[in-house]
Amino acid sequence: MCKSDQPTTSITSTDAELATAMCQDPTRRALILTALATGACLASSRSSIAEEDAPGSNERPQKADVLVFAEGDRAGEVIKPQDLKAGGPPVRAWPKDPNTSVIRKGSRLNEVLVVKLDPAELDEDTRSRAAGGVVAYSAICVHTGCPITAWVKAASSDKDVFKCVCHNSEFDPRQSAQVVFGPAPRRLPALPLVADDGPLTVAAAFVGKVGATQSR
Amino acid sequence: MTLKQWLLSGLLASTFLVPIAAAGPIENYSPVTPERLKNPEPGNWMHYRRTYDGQGYSTLDQINTSNVKNLVPVWTFSTGVVEGHQAPPIINNGVMFVSTPEGQVIALNAKTGDEYWRYKRQLPEDLFQLHPTNRGVGLWQDKLYLATTDDHLVALDAKTGKVVWDTKVEDYKKGQYLTLMPLVVDGKVIVGGSGGEFGIRGYIVAYDANTGKELWRTFTIPGPGEFGHDTWSGDDWKTGGAPAWMTGTYDMDTRTIYWGTGNAAPWPGETHPGDNLYSTSVLALDPESGKIKSYFQYHQNDSWDWDEVDAPMLIDLQRDGRTIKSLVHPGRNAIFWVLERKPEGIKYVAGWPYVYTDVWKSIDPNGRPIADPAHKPGIGKRVEFCPSLWGGKDWPSAAYSQNTKLVYVPANENFCGGFTGEKLPLVPGKLWLGTKPEDIGLTPRPGATHFGELQAWDPATGKKVWSHNFPKSQLFGSVTATAGDLIFVGGTNDRMFRAFHAKTGELLWEQKTNSGIVGMPIAYEVDGTQYIAVQSGWGVDAQRIQDALVGKVPGLENNVPQGGVVWVFAVKK
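This is the structure:
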């Protein structure tokens, strides 16, 4: 596909996936689309962000990854349940491969929000994915892909919830990040956690697809 | 009738029916020549505001004040996507091109609503869309041009929708994106970047319409050694914003493009001391070289997120006993501006507040507004100001009627806002507002009787001739005027599309649609019949204002459904 001389339109997901596979870089779809249109495969594999070059930094969080602070004075340090304040606010985190020490921040889709809540407030599914009362969700809104940045009182209750300030979607982390306000079409993907007296550790891959979903 | 007769009559009837157009290439497509762009036929809508002068005025008058009450839908078309449908349907001799959020273009038969083809861009999965919208496709010869939110400019074959070329304009991962309809002038496709909330350095850039080759790129913030660079301090110019995210207007006589620029970044002026050229300005550019000929800055050291990106209308005004080649711009900063295009540059003529503001104390003789420091946001203090962040009028366009000589403004009255400024480091690709987004306030003024206000102004005298008030809604949609003395506008949270009498402001017609309308109405003609078209599809900032008002205004509609539909109307025969 990348070497096609024919301009391409109405690119199907199959085409894009094929192109992606052949160009060996899932993060550069926009450039690949350019390549499809102009008939030239990208020669350069240089990355503008150094972390992208670290093997695995683009890959989604995996079982046994630990979580590290994404920002602040302790950026890069592993997060333990006792580092978190009960009731929030959430902290932003990246998954880190404990074997290679690669922090998976090559894709913004890997960023997660981690918040410690009262286990009694969590619904059954949420509790099953929590480490104590600590829960983690994708930090990327499923509406149009904005980062979720706010922890504020919900529009329709007095509980604090995640809020995406781009378009005001609100998600309740106690109920599997269910949408409680705004245009988001579905829950935030949850990232199951465990913590056996140590750092917060990923128990399984994201539940659901991270990022916004384009309509077809 | 026997079965045989019935079958026979059916066959006969079917031979007289218009064949149902199957999806496929457009036959007999009319090439868009430079002459046609300069003097578009009355039945077409090929520019953002129909003509290069940005007036948003159609000379069609078949639909007029006496028959508009009989306006009925003739066809509709679902776009299949949600969020803000802001684009005018673009019309070229019976073909309609509709662009929508998610980088989609749909080519339709403008008479029947049948689809010819559809292009849908696959956006990158990690794209961050603060403004998921698109404002239309530009036309040139047998191609059309789409600017995308992942910051590409894409040329499509107008007949088939196939990609002809696709050029990366800038890097979406750094918060660069495009939402505007490209301006096409003499074989150049000109766009300007969004990203004033991400600490970008704004620019306007021109591409060869045939090849996609970049011809020039003019930054809206001067670099070292350039005029105006000293209006910035230190390295602030590198991240100072001044995005250029709306289509410019064009003076064919002097070959000058007029292009509006947006907010300085981040929002609080204290974080970027100085006048901050050319933020919140209009630039006069040479389309050949991109060289800046002249400028006018609507306000200095922007601190309110008051983008002045809506390009000024070019109007010949009779004012003070002479003809003025004017630029008219109802500013987001609440000031209605009348400027003059002179050979030596843009000159201030007049300015007055068209909605309530507590920010400006006066305007000096050179057109420099003087701010009240008590209502100018700064670091570490909460500051309230009127109008709100969304201004007296945001990007939705005003219109000028050559018949009534009035300017029609989709204004918002009685909204105030505020935030607490803070100094924060820039992380490329992340929001950089200079305040906590959740801290941004929108507050109705005490005792407010209404919010949205459709206003008719005489730009020659500065007098308001009429206004129509909306007690329970903002007004967030572009206005279009026609020679039938009609003013068309949506923009309210009750999903209505309305027609007003251009001379009196009387509401003559309204139609409830599927969603709220933030799109631009247009008028066109096919085979001797005049149509009015608009996209209904609520979202983006109209929705943000809505969310901010719920709970503050009793009885305010709080459920405006999303999902785009193209509506086409004609007078019932």
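These protein sequence lines map, in sequence, to chains A and B. Residue numbering for the first sequence follows our numbering, starting at 1 and increasing by one per position. Residue numbering for the second sequence follows our numbering, starting at 1001 and increasing by one per position. Quick reminder that beta carbons are idealized off the backbone N, C-alpha and C, glycines included. Keep in mind the model is a prediction, meaning the values are calculated, not measured.
Endpoints, beta strand (DSSP E) assigned at A:Thr126 = In the first sequence, counting from the first residue as 1, residue 126 of chain A sits at position 126. Where A:Thr126 is concerned, there is no enclosing beta strand (DSSP E), although the alpha helix (DSSP H) it sits in stretches over Glu124 to Arg129.
Identify the contact partners of A:Arg187 in chain B, using a Cβ-Cβ distance below 8 Å as the criterion.
-> In the first sequence, counting from the first residue as 1, residue 187 of chain A sits at position 187. In chain order: nothing, as chain B lies at least about 17 Å away.
Limits of the beta strand (DSSP E) - the one that B:Ala1209 falls within | Residue 1209 of chain B sits at position 209 when you count from the first residue of the second sequence. From DSSP, B:Ala1209 is part of no beta strand (DSSP E); its letter is neither H nor E.
So is B:Gly1429 in contact with chain A if we call contact Cβ pairs under 9 Å?
-> By 1-based counting over the second sequence, the position of residue 1429 of chain B is 429. Chain A contact via Cβ: present.
Terminal residues of the continuous alpha helix (DSSP H) containing B:Gln1318?
-> As a working mapping, residue 1318 of chain B is identified with position 318 in the second sequence. Where B:Gln1318 is concerned, there is no enclosing alpha helix (DSSP H), although the beta strand (DSSP E) it sits in stretches over Met1313 to Arg1319.
Give me the Cβ distance between A:Val134 and A:Lys116, rounded to the nearest whole Å; I'm assuming they're in contact under 8 Å.
-> As a first step, residue 134 of chain A must be located in the first sequence, where it is residue number 134. As a first step, residue 116 of chain A must be located in the first sequence, where it is residue number 116. Right, the Cβ-Cβ distance comes to about 5 Å (below 8 Å), so this counts as a contact.
Kindly indicate if chain B contains any beta-carbon less than 9 Å away from that of A:Val152.
-> Sequence index remark: in the first sequence, residue 152 of chain A carries index 152 (1-based). Yes, A:Val152 counts as interfacial toward chain B.
Classify A:Ile79 as helix, strand or coil using the three-state DSSP reduction.
-> Mapped onto the first sequence, residue 79 of chain A falls at position 79. Coil.
Could you give the DSSP three-state label for B:Lys1069: helix, strand or coil?
-> The sequence position of residue 1069 of chain B within the second sequence is 69, counting from 1. Reduced to three states, the DSSP call for B:Lys1069 is helix.
Mind pulling the chain B residues with CB within less than 8 Å of A:Ala163?
-> As a first step, residue 163 of chain A is located in the first sequence; it is residue number 163 there, counting from the start. Looking at the sequence shown, residue 163 of chain A is not Ala but Lys. Correct list: Glu1438.
Name, going along the chain, the residues of the segment 85-109 of chain A whose beta-carbon falls closer than 8 Å to a beta-carbon of chain B.
-> Ser107, Arg108 and Leu109
What does B:Leu1127 touch in chain A if you count any residue whose Cβ is under 7 Å from its own?
-> In the second sequence, the residue the question calls residue 1127 of chain B occupies position 127. The contacting residues are Gly145.
Can you tell me whether A:Thr201 is buried or exposed, with buried defined as 16 or more other CB within 10 angstroms of its CB?
-> For the purposes of this step, residue 201 of chain A is identified with residue 201 of the first sequence, where counting begins at 1. Counting other Cβ atoms within 10 Å of its Cβ, A:Thr201 reaches 16 or more and is therefore classed as buried.
Straight-line Cα distance separating B:Gly1212 from A:Pro183 = Your numbering for residue 183 of chain A matches position 183 in the first sequence. Your numbering for residue 1212 of chain B matches position 212 in the second sequence. Taking the straight line joining both Cα atoms gives about 36 Å.
Leaving out the 5 sequence neighbours to the left and right, which residues in its chain are closer than 8 Å to B:Glu988 when beta-carbon positions are compared?
-> Given that chain B is displayed from residue 1001 to residue 1573, the structure contains no residue 988 of chain B and the question cannot be resolved.
B:Trp1304 in three-state terms, based on DSSP = Counting from 1 along the second sequence, the entry for residue 1304 of chain B is found at position 304. Correct three-state label for B:Trp1304: coil.
Which two residues bound the contiguous alpha helix (DSSP H) that contains B:Gln1546?
-> For this step, residue 1546 of chain B is matched to residue 546 along the second sequence. That run of the alpha helix (DSSP H) goes Val1540 to Leu1549.
Taking the CB atoms as reference points, tell me whether B:Gln1530 and B:Gly1043 lie closer together than 9 Å.
-> Taking the second sequence and counting its residues from 1, the one referred to as residue 1530 of chain B is at position 530. Taking the second sequence and counting its residues from 1, the one referred to as residue 1043 of chain B is at position 43. Cβ distance < 9 Å, so B:Gln1530 and B:Gly1043 count as in contact.
C-alpha gap between A:Val66 and A:Val112, whole angstroms = Position 66 of the first sequence holds residue 66 of chain A. Position 112 of the first sequence holds residue 112 of chain A. Each residue's Cα considered, the two are about 12 Å apart.
Classify A:Trp151 as helix, strand or coil using the three-state DSSP reduction.
-> Looking up residue 151 of chain A in the first sequence gives position 151. In the structure shown, A:Trp151 sits in a strand (DSSP, three-state: E or B).
DSSP state of B:Lys1038 mapped onto helix, strand, coil = Stepping through the second sequence from its first residue, residue 1038 of chain B is reached at position 38. Helix.
Taking a Cβ distance cut-off of 9 Å, strictly less, list which residues of the segment 1076-1100 of chain B are near chain A, in chain order.
-> Gly1080, Val1081, Val1082 and Glu1083
Can you pull the chain A residues whose beta carbon is under 7 Å from the beta carbon of B:Leu1123, in chain order?
-> As a working note, residue 1123 of chain B is residue 123 in the second sequence. The answer, in chain order, is Gln214.
What residues in the segment 180-207 of chain A have a beta carbon less than 9 Å from any beta carbon of chain B?
-> Within the segment 180-207 of chain A, contact with chain B at the beta-carbon level (separation under 9 Å) is assigned to Phe181, Gly182, Pro183 and Pro185.
Is it true that the segment 1126-1134 of chain B meets the segment 1560-1571 of chain B, where meeting means three or more beta-carbon pairs spaced less than 8 Å apart?
-> no
Could you list which residues in chain A have their beta carbon closer than 7 Å to that of B:Pro1132, in chain order?
-> Against the second sequence, residue 1132 of chain B aligns to sequence position 132. The answer, in chain order, is Thr144.
Compare the C-beta of A:Thr126 against all C-beta atoms of chain B and say whether one is closer than 9 Å.
-> The residue labelled residue 126 of chain A in the question sits at position 126 within the first sequence. False, the Cβ-Cβ gap to chain B never drops below 9 Å.
Please find out if some non-hydrogen atom of the ligand MG comes closer than 8 Å to the beta-carbon of A:His167.
-> Questions concerning the ligand MG fall outside what the structure shown contains, since it holds no ligand whatsoever.
Sorted by chain position, which residues of the same chain lie with C-beta nearer than 7 Å to A:Thr126's C-beta, five sequence neighbours on each side aside?
-> Here residue 126 of chain A refers to the residue found at position 126 of the first sequence. Closer than 7 Å at Cβ, skipping near neighbours: Val135, Arg174, Gln175 and Ser176.
Please check if any C-beta of chain B sits within less than 9 Å of the C-beta of A:Ala139.
-> For the purposes of this step, residue 139 of chain A is taken as residue 139 along the first sequence, with counting starting at 1. No, because no Cβ of chain B sits closer than 9 Å to the Cβ of A:Ala139.
Verify the CB distance criterion: does A:Arg60 have a CB-CB separation below 9 Å to chain B?
-> Position 60 of the first sequence, counted from the start, is the residue given in the question as residue 60 of chain A. Judged by the 9 Å Cβ criterion, A:Arg60 is not in contact with chain B.
Go ahead and pull the three-state DSSP assignment for B:Glu1125.
-> In the second sequence, residue 1125 of chain B corresponds to position 125, counting from 1. Of the three classes helix, strand and coil, the one that applies to B:Glu1125 here is coil, per DSSP.
Straight-line gap, A:Asp118 to A:Gly87 (C-alpha atoms, nearest Å) = For the purposes of this step, residue 118 of chain A is taken as the residue at position 118 of the first sequence. For the purposes of this step, residue 87 of chain A is taken as the residue at position 87 of the first sequence. Rounded to whole angstroms, A:Asp118 to A:Gly87 spans 7 Å at the Cα level.
Check whether B:Leu1508 and B:Leu1486 have beta carbons under 9 Å apart | Within the second sequence, residue 1508 of chain B is the residue found at index 508, counting from 1. Within the second sequence, residue 1486 of chain B is the residue found at index 486, counting from 1. Closer than 9 Å, so yes.
For B:Lys1239, three-class secondary structure by DSSP = Here residue 1239 of chain B refers to the residue found at position 239 of the second sequence. It should be noted that the sequence gives Thr, not Lys, for residue 1239 of chain B. In the structure shown, B:Thr1239 sits in a helix (DSSP, three-state: H, G or I).
Give a yes or no on whether the C-beta atoms belonging to B:Pro1410 and B:Pro1088 are separated by under 9 Å.
-> Residue mapping note: residue 1410 of chain B aligns to position 410 of the second sequence, counting from 1. Residue mapping note: residue 1088 of chain B aligns to position 88 of the second sequence, counting from 1. In this structure, B:Pro1088 does not lie closer than 9 Å to B:Pro1410 by Cβ.
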